[in-house]
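Reading the sequence shown from the start, the letters are residues 14 to 74 in the working numbering.
Below: the structure, in structure tokens.
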Amino acid sequence: MISDQDEPWLFDLQKDPDELHNYSDDPNYAEIKQRLTHDLRLWMERVEEPALGNPAFTCWL
Numbered sequence: 014m015i016s017d018q019d020e021p022w023l024f025d026l027q028k029d030p031d032e033l034h035n036y037s038d039d040p041n042y043a044e045i046k047q048r049l050t051h052d053l054r055l056w057m058e059r060v061e062e063p064a065l066g067n068p069a070f071t072c073w074l
């Protein structure tokens, strides 16, 4: 889901299967966050996602 109302969310389903903690700003997850963000951007470009041109949605990409 893309939202202009929330910060990015990153869950560790092995460590936190109930998704209670957002690890997006945790430095231990920085490399994973960077890789997933890159992959998401590539996918959005490939499918021509309309939100990709909207800065409100892509400021965190």
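Yeah, the Cβ is synthetic: ideal placement off N, Cα and C, and Gly gets one too.
Please read these numbers as outputs of a predicted model, since none were measured by experiment.
Pick helix, strand or coil for residue i, following the three-state DSSP scheme.
| i | result |
| --- | --- |
| K46 | helix |
| E58 | helix |
| P40 | helix |
| H77 | A query on residue 77 cannot be resolved here, the shown segment of the chain reaching from 14 to 74 and no further. |
| D52 | helix |
| P21 | coil |
For residue i, collect the residues of the same chain with a Cβ closer than 7 angstroms to its Cβ; drop the 5 residues on either side in sequence, then sort them by chain order.
| i | result |
| --- | --- |
| W22 | N35, S37 |
Determine the closest residue to residue i out of the options, with distance taken between C-alpha atoms.
| i | options | result |
| --- | --- | --- |
| A43 | F24, L65, L55, C72 | F24 |
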